[in-house]
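> The structure that follows is given in the form of structure tokens.
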Amino acid sequence: MQRQERFADGVLVLAVKPKAGEGEDGDVGDDVFMRGFKPALRVAQFFGLLPVSKPADPRRASFRWVSPRTALAVVIIVGAVLEACAAAMRMVDTGIKVNTSVHAMFFSLTAVAQMLFLRMSCVWPQLMLDLASVDDKCLRAYGEPPRLRARMLSLTAGSFLMAVVEHGLSNAGTLFYVWPCYYRGGLRLVWQGYFLTKYLKTFQLFTFATWKAVLLLWLQIINVFVWNFMDLFIALFAMGLSARFRLVNSDLEAVLVSKGQNNEFWRKKRKHYNALAELVRRVDVILGPLILVSYATDLYFICLQLLSVVNPSGVSLYHKLFFVFSMAYLLLRMTFMTYVAANINEESRRPREVLFSIPTAAYSVEVERLLVQVLTDNIALTGCNFFSISRSFLLKIAGTIVTYVVVLVQFSGKDANPDAAQSNGTVSCTCEDIKVYTC
Numbered sequence: 007m008q009r010q011e012r013f014a015d016g017v018l019v020l021a022v023k024p025k026a027g028e029g030e031d032g033d034v035g036d037d038v039f040m041r042g043f044k045p046a047l048r049v050a051q052f053f054g055l056l057p058v059s060k061p062a063d064p065r066r067a068s069f070r071w072v073s074p075r076t077a078l079a080v081v082i083i084v085g086a087v088l089e090a091c092a093a094a095m096r097m098v099d100t101g102i103k104v105n106t107s108v109h110a111m112f113f114s115l116t117a118v119a120q121m122l123f124l125r126m127s128c129v130w131p132q133l134m135l136d137l138a139s140v141d142d143k144c145l146r147a148y149g150e151p152p153r154l155r156a157r158m159l160s161l162t163a164g165s166f167l168m169a170v171v172e173h174g175l176s177n178a179g180t181l182f183y184v185w186p187c188y189y190r191g192g193l194r195l196v197w198q199g200y201f202l203t204k205y206l207k208t209f210q211l212f213t214f215a216t217w218k219a220v221l222l223l224w225l226q227i228i229n230v231f232v233w234n235f236m237d238l239f240i241a242l243f244a245m246g247l248s249a250r251f252r253l254v255n256s257d258l259e260a261v262l263v264s265k266g267q268n269n270e271f272w273r274k275k276r277k278h279y280n281a282l283a284e285l286v287r288r289v290d291v292i293l294g295p296l297i298l299v300s301y302a303t304d305l306y307f308i309c310l311q312l313l314s315v316v317n318p319s320g321v322s323l324y325h326k327l328f329f330v331f332s333m334a335y336l337l338l339r340m341t342f343m344t345y346v347a348a349n350i351n352e353e354s355r356r357p358r359e360v361l362f363s364i365p366t367a368a369y370s371v372e373v374e375r376l377l378v379q380v381l382t383d384n385i386a387l388t389g390c391n392f393f394s395i396s397r398s399f400l401l402k403i404a405g406t407i408v409t410y411v412v413v414l415v416q417f418s419g420k421d422a423n424p425d426a427a428q429s430n431g432t433v434s435c436t437c438e439d440i441k442v443y444t445c
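Heads up: the sequence shown is residues 7 to 445, going by my numbering.
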């Protein structure tokens, strides 16, 4: 199928360079950006995020409120909200401190993130069409960004691997804390003690049962995925956008060694630059709330882990090592996301060097218009316009973390281990231990 036929049907596609063996239905999977994004989207949908049919295909992407995917997303959100309420009640019972707020904050923030992904699903098909429209112009003019797909797949695989390791070590820490239950009744009580420690208030409100524990474990895994996926999702989007700006800049820099560029050349470059700038603004409107929640989540848990590192009272050597690893992982995750997202702002400003070097004889109205836009237009992802993500933003985050940790040290409790802090140092292995009902 030719590109002209697709446009005649009023449909825009991402891939404009047909490959041998392309299906008759005109599948758009050949675009390097969407091929790099597709694995992450598939995994996200497995965990109930972005309940959109064919999310990587701008021709077929669709969202319906009445669908199994949407129903699953709503059930997961309701479960996260209910668990956040139970964790908040437990926090009040044990005393409101930094370490007793972990579960309440975790489920509250991930529930909000899931609501934002569901909200994003409503506009996802149109966003894909906007991406396809701009991508078609860039592909025809510059081709595909080199090594973009490989970098996106590497980032996705690395992020998922680190998330699994971090979550596994976290659960191992809880099992280490409840291991005394083994000497009272074997692995059965270790299993029971794990859930009575992590979800004590839930099993004070509802009698303990294995099927309920399995549902809570499923809900926990999903919310941990959401917690990790927010940063990855933003970083992948930013990699695609900055790669397009980088291609425009490379083409502009080639002007310095070429001669005789006319006014039409600069008009086209200005149109391409403006199209990318407008696309970043559209993406920012949609991603802005998620970016805000992502940074709030990262800052909270980085401060929490850093507090546990500088004030490791009442914890084992294993937990001390885990706090260091978890803090390093969170810092790396947030720093990399910020660096990748800041590349959009950096790449959007690079044309200044070329435009300032244009000789007088080649200077024109179109060059001037492009220069004015580059100098005055702040092209960057933002957190609902509260802040713009740039390289200097990293230094502001570092200062914020240090400031909050100094304050939090004054209000921290005696137990740096959240499991111990939320259970007042008492390991509950059986229902009788929580003194509410009998198993």
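Glycine included, C-beta positions come from ideal geometry on N, C-alpha and C.
Are F328 and L175 close, meaning C-beta to C-beta below 7 Å?
yes
> Is there contact here, the segment 49-67 with the segment 119-127, by at least three beta-carbon pairs under 8 Å?
yes
> Which residue wins for smallest C-alpha separation from I292, given the options L336, L387, L161?
L387
> May I have a chain-ordered list of the beta strand (DSSP E) segments no shorter than 3 residues that lie completely inside the segment 254-339?
none
> Nearest CA to the CA of P45: which residue from V330, M158, A90?
M158
> Since D99 is in the alpha helix (DSSP H), which residue starts that stretch and which ends it?
74-100
> Return the CA-CA distance between T395 and T303, expressed in angstroms with no decimal places.
A small correction: the amino acid at residue 395 is Ile; Thr does not occupy that position in the sequence shown. Rounded to the nearest angstrom, the two C-alpha atoms are 16 Å apart.
> Is it true that the CB of F69 sits closer than 7 Å to the CB of C128?
The answer is yes: Cβ separation under 7 Å.
> If we ignore side chains and look at the alpha-carbon of each, how far apart do L376 and Y369 end up?
11 Å
> Using only the alpha-carbon positions, how far apart do E28 and L247 sit?
Low per-residue confidence applies at E28: pLDDT is 40, beneath 50, and the placement is therefore not dependable, though the value from the model is reported in the following sentence. A direct Cα-to-Cα measurement between E28 and L247 gives close to 26 Å.
> On the three-state DSSP scale, how would you describe T213?
coil
> Tell me the rounded alpha-carbon separation between L47 and L258.
33 Å
> Can you confirm whether L181, when its beta carbon is compared against all beta carbons of chain B, has any partner nearer than 7 Å?
Among the chains in the structure shown there is no chain B, since it carries only a single protein chain.
> Once the 5 residues before and after I364 are set aside, which same chain residues still bring their CB inside 6 Å of it?
Residues V373 of the same chain have their beta carbon placed closer than 6 Å to that of I364, with the five preceding and five following residues left out of the count.
> So what does DSSP say about S59, is it helix, strand or coil?
strand
> If we ignore side chains and look at the alpha-carbon of each, how far apart do L161 and R358 end up?
30 Å
> S68 by DSSP, collapsed to three states: which one?
Under the three-state reduction of DSSP output, S68 falls in the strand class.
> Do I385 and A281 come within 7 Å of each other at the CB atom, strictly closer than that value?
no
> Considering only C-alpha positions, which residue in the set W130, F307, R146, F212 is nearest to R65?
W130
> Please name the residue in F112, V84, A77 whose C-alpha comes closest to that of A94.
F112
> According to DSSP, which residues form a beta bridge with S394?
T388
> Hey, how far is the Cα of A351 from the Cα of A67?
A quick correction: the sequence has Asn, not Ala, at residue 351. When rounded, the distance between both Cα atoms is 29 Å.
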